[in-house]
Amino acid sequence: MFASLPRSACWLLPWLAIASVQAQESEVPSAEAPSLKPVVITATRTEREIDETPVRTEVVTREEIERTNASTLKQALENVPGLQLREVLGKSGYELSLQGLSADQVLVLIDGLPITASTSSTVDLSQYLLDDVERIEVVKGASSAQYGSSAMGGVVNVITRRQAAGFGGTAQVDVGSYGQQNDSGRSFSANNRHARFNLGGGGEKWRLSVSGDRLDNAGFGVDPDAYPRQGDANLRQQASVRGEWLPSRNGRAWLEASHYTEDDTQRYNLFVPPANVPQRKLESITRDRVSGGVDWRFANGMRAQVKGVNEQYDSHSPGYSNEVLASDRRSKQRMQHLSTQLDLPAWGRQLWMIGTDWHHETLGQTVNGGSELGTAGDAKRTNTEIFVQNDILLNDTWEVLLGLRGQNDSDFGSHWAPKVSVRANLLNGEDWKGVFRASVGQGYRVPNLKERYYLFDHSALGYRVIGNPNLKPESSNSFQLGATLSRGSKLSIDVNAFYNRVRDLIQTDLANATVVDGIASYTYSNVARARTSGFDISANWRATPSLGLNAAYTYTSTKDETTGQVLTRRPRDIVRLGADWRIQQDTMLGLRLRHQSSELVDTATGARSPGWTTLDLSLNHKIGRSVTLFFGVNNLTNRQRDFSNTSDYGPISGRYIYVGAKFAFGNAL
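If you want my numbering, it's the 1-based position in the sequence shown plus 139.
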């Protein structure tokens, strides 16, 4: 199992036998500071301490984000055990996969509300900047009973910060370099520039905050003197304003508006005998999002929540061949979502919850002025859902969580998705605590608009992917089994096993491709039944009050039950190792090692992408209470893919060095 690991990682593997909990939960406080358990909401849709949830939840805390100096959601999720991050096809962004299931089957939320996918398929994690994020919660395994379609593989929920009373704010600036691969070709130039701020304040009843984030990446090239760029240039900017009204201790209302823009440039060569022809693809993205809600707690213990979001996502992608306009693609997406939730007063040892969701989305796509969808006008879909949940506390040891969701889709009719979770405090001694968790649930996902209608035309690269309006929904049965053994805040062991069986899996039908004039045409099809299984082992050990060590190993086995072959782009082994060492009271050194084994790329040829290992280093030093200076090296091992090998999907960028400063004042201290 560990044979594929490099020597540099093997000496750290004994940590796995010592202790556990997610790498993201390993805050190393000073000797005087108490250790507080995070409160999470995603697993049960109610606030619970992380150790008390019947569904395992992993957390990326604000402290972890600041320690690793993450700027995007993609960077913040890099060290979560078992998550695989990979490039979005045909774009410069990143999507995630977990437990062997694809990014289409993982639901990404902000404050419990959905996000528009970058191509009406998968969410681009690079497009979400972290200027006002409090924490990120990850739930693995089918969660359709709690969150509906697209939660077959799990849920990632980004929780934003609530504004405190008073006044304060934060600011950050940093610059970075890819060395000799900088776009300018100068090793010591500032290739990447990043700045962000957050200001806010108010009284007991009214609060307001504003934030902004700008990330300017000039891109990089293995040979900066040549035309192609292996790393795309992009400028990402995000601004938001949020207001809160707190009329009493029992209620609040909030409204938030955000505006995001991105300008991306890809440069590559296309070989047209007898010479390479320079190609340039631009993409300009605008995302406008307005969300809001009301949360009210009544004296009898009942709680009512109503929240909704309206999001517009527009993309313009002109493509140039030898500086001549070759294609002009425009996409527009609209999404509206409204959610209600009512938590009833405790009835005996039962906690009932009922709720509804309404979701509507449209997709319009043109290329060179003509529709790129296989339907007249825009593609649309609407679904209404109702869910019910009962949390039963059988006694002081056992808890059962029952969930059921009914969905009615405008195109696919009705479906019911159940889930049962069990939690038991099997060991509750003075020193040691042991928790057992198990869940069985059904996942369900209707085909998205891209899979049904979109014509993804890359004829210049030799292929097209055509939507299939006759697709059937995917469904799955998910089994999760785990246990946690901990000794106070110093030592913990966490083991979780999973088994997912998917029916009517939607994927590109490679076997029935047609070739006309050298252009291969593929379509989506329900071509497979698939199985994914494996286990996670996570570890955390607070060796001393100033030193924390953490580790995680994920083993994944997959099988296409139609062909008998393993699924592509699913590595067998994923390792996450980390250390946080408080060198002095105000100086913290962090290390994050990531390893991924080889993965099958092509079932026909058996081609595999080689395994890889990267190591990140970060150093944060506080000056007084207000100023933090930081320095870091990402991919210290300088592991970069071989761009001449089309089967190599290793890290796209090599060593990256950055330096910056953070400033905080007022209630942000």
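Quick reminder that beta carbons are idealized off the backbone N, C-alpha and C, glycines included. On a predicted model such as this, the values are computed, not experimentally measured, just so you know.
Query raised in the report: Relative to the C-alpha of Met291, which residue among Gln311, Thr211, Val314 and Leu246 is closest?
Result: Leu246
Requested in this report: Specify whether the segment 298–310 and the segment 430–437 touch according to this definition: at least 3 beta carbon pairs, one from each stretch, less than 8 Å apart.
Outcome: no
Query - 8 Å Cβ cutoff met for Gly324 and Asp371 - result: no
Query raised in the report: Just to confirm, are Leu728 and Leu758 a CB contact at a threshold of 8 Å?
Result: yes
**Report entry** Segment contact flag, the segment 797–808 with the segment 305–320, C-beta cutoff 8 Å, min 3 pairs
**Finding:** yes
Report task. Please name the residue or residues paired with Pro557 in a DSSP beta bridge. Result -> Leu543
Query raised in the report: Heavy atom of the ligand FMN less than 7 Å from the Cβ of Thr181, yes or no?
Result: With respect to small molecules bound, the structure shown includes none, and the ligand FMN cannot be examined in it.
**Report entry** Straight-line Cα distance separating Arg375 from Asp270
**Finding:** 13 Å
Query raised in the report: So is Thr726 buried or exposed if we call it buried at 16+ other beta carbons inside 10 Å?
Result: exposed
Query raised in the report: For the beta strand (DSSP E) that contains Tyr286, what are its first and last residues?
Result: First-last for Tyr286: Ser283 to Tyr286, but that is the alpha helix (DSSP H), not the beta strand (DSSP E).
Query raised in the report: Rounded to whole angstroms, how far is the Cβ of Asn331 from the Cβ of Asp362, which I believe are closer than 8 Å?
Result: Going by Cβ atoms, the distance from Asn331 to Asp362 rounds to 19 Å, so no, they are not a contact pair.
Requested in this report: Going by CA-CA distance only, name the one from Asp633, Arg184 and Glu217 that's closest to Leu264.
Outcome: Glu217
Query raised in the report: Under 8 Å, do Thr261 and Val295 count as touching if we go by C-beta distance?
Result: no
Query raised in the report: Over what stretch of residues does the alpha helix (DSSP H) that includes Thr183 continue unbroken?
Result: It is not in any alpha helix (DSSP H) - Thr183 carries neither H nor E in the DSSP assignment.
Query raised in the report: How big is the Cα-Cα spacing for Leu543 and Val194?
Result: 15 Å
Query raised in the report: So the beta strand (DSSP E) Glu383 belongs to, where does it begin and stop?
Result: Arg368 to Ser387
Query - The beta strand (DSSP E) enclosing Ile525, as first and last residue numbers - result: Ala518 to Leu532
Query raised in the report: Could you check where the alpha helix (DSSP H) with Thr255 kicks off and where it finishes?
Result: Unbroken run through Thr255: none, as it is neither H nor E.
Query raised in the report: Counting along the chain, where does the alpha helix (DSSP H) carrying Arg201 start and finish?
Result: Arg201 to Thr207
Requested in this report: Can you say whether Asn774 is buried or exposed, counting buried as having 16 or more other CB atoms within 10 angstroms of its CB?
Outcome: buried
Query raised in the report: So what does Leu624 bridge to, in DSSP terms?
Result: Gly573 and Ile632
Report task. Go ahead and pull the three-state DSSP assignment for Tyr592. Result -> helix
Query raised in the report: Residues in its own chain within less than 6 Å of Met474 by CB, not counting five upstream and five downstream?
Result: Thr255, Glu450 and Glu500
Query - Contact set for Phe336: own chain, Cβ-Cβ below 6 Å, skip 5 residues either direction - result: Ala310 and Gly351
Query raised in the report: Rounded C-beta distance between Thr647 and Tyr661? I'm assuming under 8 Å.
Result: 5 Å
Requested in this report: Measure the alpha-carbon distance for Gln369 versus Val219 and round it to whole angstroms.
Outcome: 26 Å
Query raised in the report: When the Cα of Gln444 is compared with those of Ser737, Lys761 and Arg184, which residue comes out closest?
Result: Arg184
Query raised in the report: Using the C-alpha atoms, what's the distance from Arg225 back to Ala718?
Result: 25 Å
Query raised in the report: Just reading off the alpha helix (DSSP H) that Gln214 is part of, what are its end residues?
Result: Leu212 to Leu216
**Report entry** Span of the beta strand (DSSP E) around Ala652
**Finding:** Ala652 -> no beta strand (DSSP E), and no H or E assigned at all.
Query raised in the report: Quick one: Cα of Ala659 to Cα of Tyr638, how far?
Result: 35 Å
**Report entry** Buried versus exposed, by CB contacts within 10 Å (16 or more), Ser289
**Finding:** buried
Query raised in the report: Near Asp570, which residues of its chain fall below 6 Å by C-beta distance, leaving aside the five closest residues on each side in sequence?
Result: Arg626
Requested in this report: Below 6 Å CB to CB, which residues in the same chain sit around Gln214 once its five sequence neighbours on both sides are set aside?
Outcome: none
**Report entry** Per DSSP, the bridge partner or partners of Thr505
**Finding:** Arg469 and Ser510
Requested in this report: Report the partner residues of Lys446 according to the DSSP bridge assignment.
Outcome: Gly432 and Ser478
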